[in-house]
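Q: Shown below is the structure under consideration.
Number of protein chains: 2
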Amino acid sequence: MLANEEEHARLVETARGDRPADLFVRGGTIANVYSGELHKGNVAVTSGRIAFVGEGERTVGPDTEIIDAKGMIVSPGYMEAHFHPWVLYNPVSLVEGVLPLGTTTIVADNLFFFMQTGHEGFAKMAGDLRGLPLLYLWMARLTSQATFPGEKEMFGLDKIEPLLRRDDVLGTAEVTRWPALAAGDPALISGIRKAKSLGKVVDGHTGGASESRLQPVAAAGIDADHEAISKEEVLNRLRIGIWTMLRNSSLRPDLPELLRSVTENGVSTHRLIMTTDGPSPQFIAEHGLVDGVLRVAVDNGVSPMQALQMVTINPATLFRIDGDVGGIGIGRRADLLILPDLASFRPETVITQGRVVAERGELRVPLPDIEWDSYGSRPRFDPDLDLGDLALYQQELSEAEVPVIHLRSAVITERKDARVRSVNGLVVPDEGNLHAALIDREGAWISRALVSGLAPNLDGFASTYNTTTHLLVLGRRPQSMARAARRVRELDGGIVVVEGEKVTFELALPISGMMSGLPFADVVELNRRLARAVLRAGYEHHDIVYTLLFLTCDFLPALRLTPLGLLDVKSSETLAATERL
Amino acid sequence: MLANEEEHARLVETARGDRPADLFVRGGTIANVYSGELHKGNVAVTSGRIAFVGEGERTVGPDTEIIDAKGMIVSPGYMEAHFHPWVLYNPVSLVEGVLPLGTTTIVADNLFFFMQTGHEGFAKMAGDLRGLPLLYLWMARLTSQATFPGEKEMFGLDKIEPLLRRDDVLGTAEVTRWPALAAGDPALISGIRKAKSLGKVVDGHTGGASESRLQPVAAAGIDADHEAISKEEVLNRLRIGIWTMLRNSSLRPDLPELLRSVTENGVSTHRLIMTTDGPSPQFIAEHGLVDGVLRVAVDNGVSPMQALQMVTINPATLFRIDGDVGGIGIGRRADLLILPDLASFRPETVITQGRVVAERGELRVPLPDIEWDSYGSRPRFDPDLDLGDLALYQQELSEAEVPVIHLRSAVITERKDARVRSVNGLVVPDEGNLHAALIDREGAWISRALVSGLAPNLDGFASTYNTTTHLLVLGRRPQSMARAARRVRELDGGIVVVEGEKVTFELALPISGMMSGLPFADVVELNRRLARAVLRAGYEHHDIVYTLLFLTCDFLPALRLTPLGLLDVKSSETLAATERL
Chain L
400 MLANEEEHAR
410 LVETARGDRP
420 ADLFVRGGTI
430 ANVYSGELHK
440 GNVAVTSGRI
450 AFVGEGERTV
460 GPDTEIIDAK
470 GMIVSPGYME
480 AHFHPWVLYN
490 PVSLVEGVLP
500 LGTTTIVADN
510 LFFFMQTGHE
520 GFAKMAGDLR
530 GLPLLYLWMA
540 RLTSQATFPG
550 EKEMFGLDKI
560 EPLLRRDDVL
570 GTAEVTRWPA
580 LAAGDPALIS
590 GIRKAKSLGK
600 VVDGHTGGAS
610 ESRLQPVAAA
620 GIDADHEAIS
630 KEEVLNRLRI
640 GIWTMLRNSS
650 LRPDLPELLR
660 SVTENGVSTH
670 RLIMTTDGPS
680 PQFIAEHGLV
690 DGVLRVAVDN
700 GVSPMQALQM
710 VTINPATLFR
720 IDGDVGGIGI
730 GRRADLLILP
740 DLASFRPETV
750 ITQGRVVAER
760 GELRVPLPDI
770 EWDSYGSRPR
780 FDPDLDLGDL
790 ALYQQELSEA
800 EVPVIHLRSA
810 VITERKDARV
820 RSVNGLVVPD
830 EGNLHAALID
840 REGAWISRAL
850 VSGLAPNLDG
860 FASTYNTTTH
870 LLVLGRRPQS
880 MARAARRVRE
890 LDGGIVVVEG
900 EKVTFELALP
910 ISGMMSGLPF
920 ADVVELNRRL
930 ARAVLRAGYE
940 HHDIVYTLLF
950 LTCDFLPALR
960 LTPLGLLDVK
970 SSETLAATER
980 L
Chain U
400 MLANEEEHAR
410 LVETARGDRP
420 ADLFVRGGTI
430 ANVYSGELHK
440 GNVAVTSGRI
450 AFVGEGERTV
460 GPDTEIIDAK
470 GMIVSPGYME
480 AHFHPWVLYN
490 PVSLVEGVLP
500 LGTTTIVADN
510 LFFFMQTGHE
520 GFAKMAGDLR
530 GLPLLYLWMA
540 RLTSQATFPG
550 EKEMFGLDKI
560 EPLLRRDDVL
570 GTAEVTRWPA
580 LAAGDPALIS
590 GIRKAKSLGK
600 VVDGHTGGAS
610 ESRLQPVAAA
620 GIDADHEAIS
630 KEEVLNRLRI
640 GIWTMLRNSS
650 LRPDLPELLR
660 SVTENGVSTH
670 RLIMTTDGPS
680 PQFIAEHGLV
690 DGVLRVAVDN
700 GVSPMQALQM
710 VTINPATLFR
720 IDGDVGGIGI
730 GRRADLLILP
740 DLASFRPETV
750 ITQGRVVAER
760 GELRVPLPDI
770 EWDSYGSRPR
780 FDPDLDLGDL
790 ALYQQELSEA
800 EVPVIHLRSA
810 VITERKDARV
820 RSVNGLVVPD
830 EGNLHAALID
840 REGAWISRAL
850 VSGLAPNLDG
860 FASTYNTTTH
870 LLVLGRRPQS
880 MARAARRVRE
890 LDGGIVVVEG
900 EKVTFELALP
910 ISGMMSGLPF
920 ADVVELNRRL
930 ARAVLRAGYE
940 HHDIVYTLLF
950 LTCDFLPALR
960 LTPLGLLDVK
970 SSETLAATER
980 L
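Sequence lines, in order, name chains L and U. Under our numbering, the first residue of the first sequence carries the number 400, and numbering increases by one thereafter. Under our numbering, the first residue of the second sequence carries the number 400, and numbering increases by one thereafter.
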């Protein structure tokens with residue numbers, strides 16, 4: 400992330416007063432996250448970086464662009480420290496949605512890019528994304544979120560190390576399967592040790608870990624965690640040395656509770672970070688991104704400066720990039736916001752690398768055209784896989800009482816054992832139960848189960864948007880399920896709702912089966928339509944996007960439909976194995 | 400700095416409750432520098448690292464050593480972030496002096512070790528010092544403190560890079576010659592860029608830099624600086640993104656002034672660090688080391704927790720070693736202090752890597768015997784160099800008015816032009832003026848000048864303790880000077896005072912010409928005797944050790960006696976060139 404030699408030399412020249420600045424932000428009040436002060440000061444920029452901060456105008460030349468910030472706050476751009484840039488939006492469309500809101504750096508999960516396109520595809524994409532006016536940095540996964548045959552090879556250290564050696568890869572991403580860390584899993588520990596030996600950071604995931612389970616996960620080597628859901632869980636993490644991220648996502652908008660650690664216990668905030676953890680498009684449209692968590696923090700009694708530090712210098716320090724981003728300091732990227740106040744946190748002007756990229760909520764620069772297909776990210780389906788075969792969607796009756804995946808909340812399930820009826824040896828789901836099938840896109844295997852508590856009146860539904868990116872099909876009517884599944888294949892991945900025989904909602908997700916190529920505003924609208932479609936089918940939870948994502952994962956309680964079959968996560972027992980197709 | 404694989408595995412086992420701890424600190428109040436809280440908690444240690452922090456005793460087994468900390472504070476060991484372990488003491492004797500006071504980690508300057516012994520000698524020494532019960536980490540110099548022919552080759556990037564690749568080298572040490580950074584000196588910038596590309600930290604030195612000169616030095620790439628001497632200078636550094644170290648050294652005990660930035664301006668303290676910057680042995684004996692700056696901070700109104708953070712987690716974060724030291728966190732080295740309170744900061748018990756190493760101010764473990772000579776650190780003198788030749792110590796009269804190095808304070812000089820008398824064509828120093836000669840130990844060259852304001856009644860004095868480690872000889876009587884010089888050679892380096900013909904003080908410094916091999920207590924006593932000896936000769940300043948050190952440097956105003964001759968630092972003009980011998 401160093402400036403190149405020539406830029407570095409120019410920076411020193413401007414700082415010395417021997418070369419006019421490219422850009423000069425005059426007369427603002429600097430929100431200084433280093434000193435915690437608000438103070439008057441000009442900011443001069445050369446070669447996209449900050450060359451001067453302070454009084455005086457000696458860096459202004461005849462060709463220097465001047466921005467008048469009188470009466471305004473000049474803030475460092477916001478940093479999102481734990482993000483999944485594949486929640487229907489893609490890394491480019493996301494920029495349309497969040498850069499005008501002041502988020503200028505995103506530390507992003509590489510999961511589906513890496514799984515779909517491998518190291519080379521990911522490297523090519525990450526390189527192309529450097530052309531964006533928002534800085535993407537990456538965390539490299541050590542495992543998937545739903546184990547499968549071949550996972551160990553895909554995530555072998557030989558595959559991970561080249562990623563970790565990249566400048567724009569800051570460390571290893573959350574290991575959602577954290578009990579493996581507590582157990583000292585050798586492959587994971589090796590990955591963590593490799594990352595640390597390269598000076599990189601290890602992100603954690605300890606959702607649901609009790610205080611006593613947290614300790615071995617910390618001992619395994621995680622530096623940071625974002626899974627606290629109560630004030631006490633914040634303290635448990637912070638106190639044992641974990642950088643603690645306070646989350647406000649569409650799935651878990653817990654920030655008001657978590658901030659009680661600051662407002663009630665008065666903890667030091669230098670190792671606290673606020674994150675949105677990849678919210679749904681609709682949530683971003685309604686609540687903003689990092690700007691939104693800043694508003695929540697201040698509304699809940701945190702000082703504006705401490706709040707700002709929690710999304711700028713604190714994450715930059717955790718990731719060891721505070722020489723490049725996170726504050727208005729000499730040598731840093733000139734990612735600056737001109738803010739009317741420290742209450743709305745909505746920028747009038749967004750500057751990245753010394754260039755005005757958004758004003759009054761509107762993007763002002765074109766985004767590069769990305770050829771997603773060139774990375775090999777379009778999901779492949781076996782042409783011989785007959786998705787019209789209704790047998791795919793029905794379970795044979797093996798016993799009268801079967802375990803059902805019951806959704807207790809948007810993502811937490813419990814096991815319910817139900818007596819089921821059958822017709823011609825095939826299960827007929829009772830009221831509220833849905834058929835569920837996870838079908839390998841390559842046509843090798845299928846996992847089947849019953850699901851309840853999701854959307855009882857769903858006729859047919861299919862989606863590649865899940866932690867496996869295989870084809871998840873749900874519904875009470877096999878014909879409708881088949882229709883939805885076939886349509887998803889026609890779309891090269893996506894989400895389809897069928898009512899009766901009619902497709903009533905569809906969203907193509909041709910980028911890794913997870914992301915739309917449409918503009919951000921369109922994705923928001925489609926997210927809303929999806930929410931309405933499942934609401935009509937009886938969905939009672941608050942985040943359909945995450946319900947879909949995690950139905951197939953292997954780290955949340957209790958039952959999950961995975962590439963290994965119907966899994967009891969806690970016992971690791973497969974209750975119904977995958978069948979060969 | 401990672402624990403090895405086996406230790407790492409044991410740590411996870413203990414954290415999980417499956418393996419008893421080696422050591423268990425029970426019932427104390429933890430000074431938690433992560434959360435800023437004081438809270439009850441036990442600490443369990445395995446393989447020298449912290450495996451558990453919290454309530455409960457599940458990690459206690461039958462063979463676990465128990466330390467009762469009831470009613471006591473359990474604090475992380477103190478870290479000295481900017482240190483020169485060669486101020487008469489050596490890195491081992493220093494441990495005797497400061498480990499019982501609670502300093503458990505020292506980030507040390509490699510200057511004289513590297514200059515005297517090269518990369519191999521330094522590497523061997525750094526390896527041997529790992530056997531100490533105090534953790535030494537290193538910063539690698541990019542230049543010397545007094546330029547000389549061959550300096551560029553000695554400090555070439557090919558020599559520095561192998562150092563920077565070492566785990567125990569955290570970055571590049573202060574560049575005292577900071578105007579070269581402001582000028583964009585390519586060799587220095589290359590060294591800094593190499594350090595940054597390896598994820599290392601760049602320490603700075605900006606003594607006397609005005610706000611406007613500070614900016615180009617920052618642009619060159621320094622991450623930290625310790626040279627602020629007023630509250631305003633603290634703010635100037637902190638605000639532009641520099642980690643700012645507040646110094647309290649024997650030479651510059653400025654901490655009370657500097658802390659006004661905290662107590663009056665209320666700045667965030669997360670990027671402030673307190674340092675002692677290598678004080679004299681006597682100062683350490685009288686004021687402590689890091690424990691001493693903690694007392695000063697609290698006496699000046701800083702909260703004990705903020706003060707503690709400034710010498711633990713803050714420096715650990717700057718140096719990117721907060722996963723290893725700087726707090727009582729899982730996985731960190733078990734460097735713990737049992738303190739009666741957070742006022743005296745004097746530990747009852749000092750534990751490093753899980754072992755009790757000092758109690759009630761006394762070291763409790765033997766220190767390794769270090770064969771200093773095996774690194775090639777004994778200074779060499781050319782046997783043919785005739786130090787009895789009185790002509791060495793006298794200047795020929797070239798003009799009636801000559802520039803004199805006049806000491807305005809312990810280390811700051813000014814130019815005074817004096818008319819001088821001569822006898823037989825040789826200068827006779829007037830009242831208060833001394834002859835000064837810097838003689839190449841290899842016998843190739845000599846630099847000469849007159850010095851005033853130092854110690855007018857000094858008959859003869861010689862010392863290798865200076866930034867060049869060559870032989871600095873001072874005095875009003877050439878015969879006494881010759882006696883002192885010859886005695887220093889007999890000692891293989893050191894400091895000698897001669898009154899008339901009699902040696903009235905001597906201190907052998909056979910380690911690089913800078914360090915004694917004697918125990919710390921003896922070095923303190925010798926430091927006191929040296930101070931008395933120069934006081935008798937009329938020394939009026941407060942720190943003879945630093946007066947000697949810096950008389951030959953090339954970065955402090957105004958005139959200096961250097962290997963290039965009598966140097967005007969600001970203009971870089973050589974007022975009287977070195978002569979060949």
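Every residue, glycine too, gets a C-beta built ideally from N, C-alpha and C.
(1) Ignoring anything shorter than 4 residues, give me the alpha helix (DSSP H) runs that lie fully in the region 696 to 770 of chain U, in order along the chain.
(2) For the ligand MN, is there a heavy atom less than 7 Å away from the beta-carbon of glycine 691 of chain L?
(3) Output the residue ranges of the alpha helix (DSSP H) runs that lie fully inside the region 507 to 556 of chain U and measure 4 residues or longer, sorted by chain position.
(4) Which of the three DSSP states, helix, strand or coil, is assigned to aspartate 624 of chain U?
(5) Span of the beta strand (DSSP E) holding isoleucine 683 of chain U?
(6) Taking DSSP's pairing of strands, which residues face serine 851 of chain L in a bridge?
(7) Could you tell me the boundaries of the alpha helix (DSSP H) in which proline 475 of chain U lies?
(8) For alanine 619 of chain L, which residues in chain U fall below 7 Å Cβ to Cβ?
(9) Take phenylalanine 718 of chain U and list the residues in its own chain whose beta-carbon comes closer than 6 Å to its own, dropping the five residues that flank it on each side.
(10) What's the C-alpha gap between glycine 700 of chain L and tryptophan 771 of chain U?
(11) Going by DSSP, which residues form a beta bridge with isoleucine 466 of chain L?
(12) Beta carbons nearer than 9 Å to chain U: which residues of the region 692 to 716 of chain L have them?
(13) Is the CB of glutamine 878 of chain U under 8 Å away from at least one CB in chain L?
(14) Apart from the five residues just before and just after glycine 427 of chain L, which ones in its own chain have a Cβ nearer than 6 Å to its Cβ?
(15) Quick test of the definition: if touching needs 3 or more C-beta pairs under 8 Å, does the region 874 to 888 of chain L touch the region 921 to 929 of chain L?
(16) Taking the C-alpha atoms as reference points, what is the distance between leucine 963 of chain U and threonine 973 of chain U?
(17) State yes or no: is the beta carbon of isoleucine 628 of chain L nearer than 8 Å to at least one beta carbon in chain U?
(18) Does any CB atom of chain L fall closer than 8 Å to the CB of histidine 625 of chain U?
(19) For histidine 518 of chain U, I'd like the list of residues in its chain whose CB is within less than 7 Å of its CB, leaving aside the five on either flank, ordered along the chain.
(20) Please list, in chain order, the chain L residues whose beta carbon lies closer than 8 Å to that of leucine 401 of chain U.
(21) Would you kindly work out how many angstroms separate the C-alpha atoms of glycine 440 of chain U and aspartate 653 of chain L, rounded to a whole number?
(22) Starting from the beta carbon of glycine 435 of chain L, find every residue of chain U whose beta carbon is closer than 7 Å, and list them in chain order.
(23) To the nearest angstrom, how far is it from the Cα of phenylalanine 744 of chain U to the Cα of methionine 478 of chain U?
(24) To be precise: take each residue of the region 668 to 685 of chain U, compare its Cβ to all Cβ atoms of chain L, and keep it if any distance is under 7 Å. Which residues remain?
(25) Tell me whether the region 778 to 788 of chain U and the region 813 to 822 of chain U touch, counting them as touching only if at least three CB pairs, one residue from each stretch, are closer than 8 Å.
(26) Asparagine 431 of chain U versus chain L: which residues are under 7 Å apart at the beta carbon?
(27) Return helix, strand or coil for threonine 866 of chain U, following the three-state DSSP convention.
(28) Assess contact between the region 539 to 557 of chain U and the region 499 to 514 of chain U, defined as three or more Cβ pairs (one per stretch) separated by less than 8 Å. Is contact present?
(29) Within its chain, find whatever has a CB closer than 6 Å to the CB of alanine 507 of chain L; leave out the 5 residues flanking it on each side and keep chain order.
(30) By Cβ distance below 6 Å, which residues in the same chain neighbour proline 802 of chain L in space, the five residues on each side in sequence not counted?
(31) What three-state label does DSSP hand arginine 564 of chain U in the structure shown?
(32) From the DSSP output, read off the bridge partner residues of glycine 1006 of chain L.
(33) Rounded to the nearest angstrom, what separates glutamine 614 of chain U and isoleucine 641 of chain U at their Cα positions?
(34) Can you grab the Cα-Cα spacing for the pair glycine 912 of chain U / valine 689 of chain U, in whole Å?
(35) Nearest by alpha-carbon distance to aspartate 829 of chain L: which of L/Leu857, L/Ile838, L/Ser846 is it?
(36) Give the single residue among U/Thr867, U/Leu948, U/Asp891 whose Cα lies nearest to the Cα of glycine 549 of chain U.
A: Quick look at the numbers:
(1) The region 696 to 770 of chain U contains these whole alpha helix (DSSP H) runs: 703 to 708, 712 to 717.
(2) Within the structure as shown, the ligand MN is missing, as the structure has no ligands at all.
(3) With a minimum length of 4 residues, the continuous alpha helix (DSSP H) runs that stay inside the region 507 to 556 of chain U are 510 to 528, 550 to 553.
(4) Residue state, collapsed to three classes: strand.
(5) Membership of isoleucine 683 of chain U in any beta strand (DSSP E) is not indicated; the residue belongs instead to the alpha helix (DSSP H) covering 680 to 686.
(6) Paired residue(s): L/His805, L/Asn832.
(7) If you look at proline 475 of chain U, you'll find it isn't in any alpha helix (DSSP H); it sits in the beta strand (DSSP E) that goes 472 to 475.
(8) Residues of chain U passing the Cβ test: Val411.
(9) Only Leu569, Val600 meet the Cβ criterion.
(10) So the two alpha carbons sit approximately 59 Å from each other.
(11) Beta-bridge pairing by DSSP links isoleucine 466 of chain L to L/Val424.
(12) Met704, Gln705, Gln708, Ile712, Asn713, Thr716: these are the residues of the region 692 to 716 of chain L whose beta carbon lies less than 9 Å from some beta carbon of chain U, given in chain order.
(13) Answer no: the Cβ-Cβ gap between glutamine 878 of chain U and chain L never drops below 8 Å.
(14) These residues qualify, in order along the chain: Ala468, Met471, Val473.
(15) Not touching, per the Cβ criterion.
(16) Distance between the alpha carbons of leucine 963 of chain U and threonine 973 of chain U: 7 Å.
(17) Judged by the 8 Å Cβ criterion, isoleucine 628 of chain L is not in contact with chain U.
(18) So no, histidine 625 of chain U is outside the interface.
(19) Cβ within range, chain order: Lys558, Pro561, Leu562.
(20) The answer, in chain order, is Arg592, Lys595, Ser596.
(21) The alpha-carbon of glycine 440 of chain U is positioned some 27 Å away from that of aspartate 653 of chain L.
(22) Those are Val666, Ser667, listed as they occur along chain U.
(23) C-alpha separation (whole angstroms): 13 Å.
(24) Under the 7 Å Cβ criterion, the region 668 to 685 of chain U contributes His669, Arg670.
(25) Contact between the region 778 to 788 of chain U and the region 813 to 822 of chain U is absent, because fewer than three Cβ pairs lie under 8 Å.
(26) Using a Cβ-Cβ cut-off of 7 Å, asparagine 431 of chain U is close to Arg638 of chain L, given in chain order.
(27) Of the three classes helix, strand and coil, the one that applies to threonine 866 of chain U here is coil, per DSSP.
(28) The count of Cβ pairs closer than 8 Å, one atom from the region 539 to 557 of chain U and one from the region 499 to 514 of chain U, reaches three, so the stretches are in contact.
(29) So the list reads Phe482, Pro484, Tyr535, Trp537, once near-sequence residues are dropped.
(30) So the list reads Arg814, Asp816, Leu974, once near-sequence residues are dropped.
(31) Here arginine 564 of chain U sits in coil by DSSP.
(32) This structure leaves residue 1006 of chain L out entirely; chain L is present only between 400 and 980.
(33) Whole-angstrom Cα-Cα distance: 10 Å.
(34) Rounded to whole angstroms, glycine 912 of chain U to valine 689 of chain U spans 26 Å at the Cα level.
(35) Per the Cα distances, L/Leu857.
(36) When each option's Cα is compared against that of glycine 549 of chain U, the closest is U/Thr867.
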